[in-house]
Amino acid sequence: MDEVRGLDELRELMDRRVPAGTSEPLPGVFLSRETRPGSPEASTTGTTFALITQGTKELRLGAETVAYGPGEYLVTSIDLPVIGRFTRASEEAPALGFGMTLTAPAIAELLLTAETTAGAPAAAGAGPSSAGLAGRGPAVRALATSRAPAELLDAVGRLIRLLDRPRDLPVLGPMVQREILWLLVTGPQGDAVRQLGLADSKVSRVSGVVQWIRDNAAEPVRIEELARRAGLSVSAFHRTFRTVTGSSPLQFQKQLRLATARQILASRDTSVARVAFDVGYESAAQFNREYRRLFGAPPGRDRARRVSAGAAG
Numbered sequence: 001m002d003e004v005r006g007l008d009e010l011r012e013l014m015d016r017r018v019p020a021g022t023s024e025p026l027p028g029v030f031l032s033r034e035t036r037p038g039s040p041e042a043s044t045t046g047t048t049f050a051l052i053t054q055g056t057k058e059l060r061l062g063a064e065t066v067a068y069g070p071g072e073y074l075v076t077s078i079d080l081p082v083i084g085r086f087t088r089a090s091e092e093a094p095a096l097g098f099g100m101t102l103t104a105p106a107i108a109e110l111l112l113t114a115e116t117t118a119g120a121p122a123a124a125g126a127g128p129s130s131a132g133l134a135g136r137g138p139a140v141r142a143l144a145t146s147r148a149p150a151e152l153l154d155a156v157g158r159l160i161r162l163l164d165r166p167r168d169l170p171v172l173g174p175m176v177q178r179e180i181l182w183l184l185v186t187g188p189q190g191d192a193v194r195q196l197g198l199a200d201s202k203v204s205r206v207s208g209v210v211q212w213i214r215d216n217a218a219e220p221v222r223i224e225e226l227a228r229r230a231g232l233s234v235s236a237f238h239r240t241f242r243t244v245t246g247s248s249p250l251q252f253q254k255q256l257r258l259a260t261a262r263q264i265l266a267s268r269d270t271s272v273a274r275v276a277f278d279v280g281y282e283s284a285a286q287f288n289r290e291y292r293r294l295f296g297a298p299p300g301r302d303r304a305r306r307v308s309a310g311a312a313g
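Under UniProt numbering, the first residue of the sequence shown is numbered 1, with each subsequent residue one higher.
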């Protein structure tokens with residue numbers, strides 16, 4: 001099956017099978033159908049594989065914007081704070097997406113199996129060597145996109161079809177999910193996926209620091225302490241963190257604080273100044289400036305706009 005035909009067949013299948021909104025028909029497997037472009041929303045990515053068969057989605061990570069559309073997939077190997085929205089979706093041509101959570105234990109088990117069966121020399125073009133499968137190479141970007149090959153499109157389609165076969169799903173579903181994971185491990189974003197499964201990889205080290213920043217978002221960032229947690233020198237930590245996340249630790253913390261503030265403003269009746277203080281800002285004026293720069297409006301006006309949009313919807 002070639003890629004164009006595979007994408008057409010998968011798009012038609014998802015158009016018939018995927019309900020409106022976002023659903024989770026299996027643990028860690030997500031289907032989405034959106035019928036209109038959305039406004040930018042702050043969220044976190046999780047560690048995930050996301051494929052679009054129709055429509056276009058845009059994610060902003062710090063100063064970088066990543067867009068992907070039909071036949072393209074996104075891999076995130078760290079839970080990153082992003083601003084995202086669908087930019088192309090309609091009733092006639094809804095945005096259709098498939099997602100699957102990537103877990104470190106599943107990847108580690110797959111890599112272990114691959115290493116124990118890698119004794120025979122690989123055929124030319126058969127994928128990464130056993131050394132490459134070890135995943136202990138240089139730091140790689142934790143959010144990136146690629147074209148989906150026909151084999152990956154076919155595997156996703158088979159998993160979706162299994163949802164209509166409840167007797168077969170418990171047995172065959174995990175096998176197809178494992179196949180999808182293997183195609184990611186050996187595909188264009190394989191370096192990032194493999195590093196997610198290894199505790200001592202660059203991605204895993206940065207992931208631990210990211211989790212610490214998330215858990216202590218209101219606290220000042222001390223680069224020396226973060227470097228120590230990552231087991232790297234200060235200069236190596238700066239370089240590795242920026243390569244993996246696309247931003248410096250301070251920029252990363254700022255976006256995380258602002259995303260948290262936006263969620264608080266939407267869910268609680270509290271003052272803007274109080275929210276600024278709660279997420280770690282000492283100056284309400286600085287908070288207002290940086291919030292407006294990221295979300296396009298000052299916090300009070302943005303909250304009123306979102307409340308109004310929610311009431312209208």
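We treat Cβ as the ideally placed atom computed from N, Cα and C, and that holds for glycine.
Here the structure is a predicted model, which is why all the values come from computation and not from measurement.
Task: Coil, strand or helix - Leu51 by DSSP - done: strand
Task: Endpoints, the beta strand (DSSP E) within which Leu80 is located - done: Per DSSP, Leu80 belongs to no beta strand (DSSP E) and is neither H nor E.
- [ ] Quick one: which unbroken alpha helix (DSSP H) runs of 4-plus residues sit fully inside the region 192 to 223? Chain order, please.
- [x] 202 to 215
TODO: Mind checking which residues open and close the beta strand (DSSP E) that includes Tyr73?
DONE: 72 to 76
Open item on the list: Once DSSP output is grouped into helix, strand and coil, what is the label at Ala120?
Closed with: Unreliable positioning characterises Ala120 in this predicted model, as indicated by a pLDDT of 37, which lies under 50. The coordinate reading is nonetheless provided below. Correct three-state label for Ala120: coil.
Task: Exposed unless 16 or more other CB atoms sit within 10 angstroms - verdict on Val185 - done: buried
TODO: Could you tell me the distance, in whole angstroms, from the CA atom of Arg17 to the CA atom of Asp164?
DONE: 9 Å
Open item on the list: Less than 7 Å between C-beta atoms, sequence neighbours within five positions excluded: which residues of the same chain meet that for Tyr73?
Closed with: Phe49, Ala50, Leu51, Thr145, Ser146, Ala148
Task: Cβ-based neighbour list, Asp302, same chain, cut-off 6 Å, excluding 5 preceding and 5 following - done: Phe295
TODO: Could you pull the start and end residues of the alpha helix (DSSP H) that Val156 belongs to?
DONE: 150 to 162
Task: Cross-strand partners of Val140 (DSSP beta bridge) - done: Answer by DSSP bridge pairing: none, since Val140 is not bridged.
Task: Counterpart residues of Tyr68 in DSSP-defined beta bridges - done: Lys57
- [ ] Would you mind giving the Cβ-Cβ distance between Phe206 and Ile107, rounded to the nearest angstrom? I have them listed as a contact below 8 Å.
- [x] Reading off the sequence, residue 206 comes out as Val, not Phe. That belief does not hold up - the Cβ atoms of Val206 and Ile107 are roughly 16 Å apart, past 8 Å.
- [ ] With a cut-off of 8 Å on the beta carbons, I'd call Thr76 and Ala142 a contact; round off their distance for me.
- [x] 6 Å
Open item on the list: Classify Val279: buried if its beta carbon has 16 or more other beta carbons within 10 angstroms, exposed otherwise.
Closed with: buried
Task: Supposed close pair Leu153, Leu162 - CB separation, criterion 8 Å - done: The Cβ separation is near 15 Å, so there is no contact.
- [ ] Indicate whether at least one CB of chain D lies closer than 9 Å to the CB of Thr45.
- [x] In the structure shown, chain D cannot be found, because there is only a single protein chain.
Open item on the list: Going by beta-carbon coordinates alone, are Glu115 and Phe86 separated by less than 9 Å?
Closed with: no
Open item on the list: Looking at Val176: is its Cβ nearer than 9 Å to the Cβ of Arg194?
Closed with: no
Task: Spatial neighbours of Arg214 in its chain, beta-carbon cut-off 6 Å, leaving aside the 5 residues before and after - done: none
- [ ] Apply the 10 Å Cβ neighbour rule to Arg262 and answer buried if 16 or more other Cβ atoms are within range, or exposed otherwise.
- [x] buried
Open item on the list: Could you tell me the alpha carbon to alpha carbon distance between Ala139 and Ala304, rounded to whole angstroms?
Closed with: 42 Å
Task: Sheet register partners of Leu265 (DSSP bridge) - done: DSSP output for Leu265 lists no bridge partner at all.
TODO: Let me know if Asp191 comes out buried or exposed under the rule of 16 or more other beta-carbons within 10 Å of its beta-carbon.
DONE: buried
TODO: Spell out a yes or no on whether the region 5 to 14 and the region 35 to 47 are touching, meaning 3 or more CB-CB pairs, one atom from each, closer than 8 Å.
DONE: no
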